[in-house]
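Participant: Pasting in a structure now, in structure tokens, and then I'll have a few things to ask.
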């Protein structure tokens, strides 16, 4: 009897997740022009300019962009539904741990979006577009003509890489809290190597995404060790 109740609950929650995904998909596709404009507003011109090299490319790019962004926006709903499903089976300390874990995951979700759209994406655009060449400076002209398909892939790769990196660091820190600081410092070489292996697994086969993810993981690891050191020094002072 309980199995049927669980099956019904799982079915209801999956239906709710699918409904939220479809709602996000329709909403994002309806506002696709505004979203593409916001992603390309970092260009030097007043209006974003992209190119397409195939006849159906624009259509499939917009569909792909809408699906990826809808899946991404549905992530908090999936986390919340999973948490609500597990609550009845948890002890009190497990409930508090999972609650803090999922709350931090959702906060990192919004923080990564803010940093990507306001800091990282404009910086990447400014950095890579700075390699353009003009006749006045170098005698040749190399102008950037951004392809819509490749720019959307670049954006989605960075978006998913940042979120996977932050959540991976959060899960890793949960296990590393039980280890002493001096032991973590001795494992630096192994952790660095493991971080780049993890970066190649969780990111697409793109060297830029792998480097960004690997360096981010190493930075988070060093910040984690430094925070543990400060915490222990503070406790000693008390």
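Residue numbers (the numbering used here): 2 to 239. No residue lacks a Cβ here, since even glycine has one placed at the ideal position from N, Cα and C.
Please report the straight-line C-alpha distance between residue 125 and residue 3, rounded to a whole angstrom.
Facilitator: Near 53 Å, if we compare the C-alpha coordinates of residue 3 and residue 125.
Participant: Is the CB-CB distance between residue 113 and residue 149 below 7 Å?
Facilitator: no
Participant: I believe residue 71 touches residue 29 by the beta-carbon criterion, under 8 Å. Please report the beta-carbon distance rounded to the nearest angstrom.
Facilitator: 5 Å
Participant: Leaving aside the five residues before and after residue 22 along the sequence, list all residues of the same chain whose C-beta is less than 6 Å from its C-beta, in chain order.
Facilitator: 71, 75
Participant: Taking the alpha-carbon of residue 159 as reference, which of 120, 24, 33 has the nearest alpha-carbon?
Facilitator: 120
Participant: Return the CA-CA distance between residue 82 and residue 228, expressed in angstroms with no decimal places.
Facilitator: 32 Å
Participant: I'd like to confirm the pairing. Which residues does DSSP put opposite residue 143 in its beta bridges?
Facilitator: Residue 143 is bridged to 134.
Participant: Checking 7 Å against the spacing of the C-beta atoms, do residue 122 and residue 133 come in under that value?
Facilitator: no
Participant: Taking the straight line between their C-alpha atoms, what separation do you get for residue 86 and residue 13?
Facilitator: Counting only the Cα atoms, residue 13 lies some 11 Å from residue 86.
Participant: Could you check the C-alpha separation between residue 59 and residue 151 for me, to the nearest Å?
Facilitator: 11 Å
Participant: Just how far apart, CA to CA, sit residue 37 and residue 31?
Facilitator: 12 Å
Participant: How long is the line joining the alpha carbons of residue 64 and residue 169, rounded to whole angstroms?
Facilitator: 29 Å
Participant: In whole angstroms, give me the CA-to-CA distance for residue 171 and residue 109.
Facilitator: 9 Å
Participant: Going along the chain, which residues of its own chain have a beta-carbon closer than 7 Å to the beta-carbon of residue 135, five neighbours each way excluded?
Facilitator: 142
Participant: By Cβ distance below 7 Å, which residues in the same chain neighbour residue 80 in space, the five residues on each side in sequence not counted?
Facilitator: 103, 106, 107
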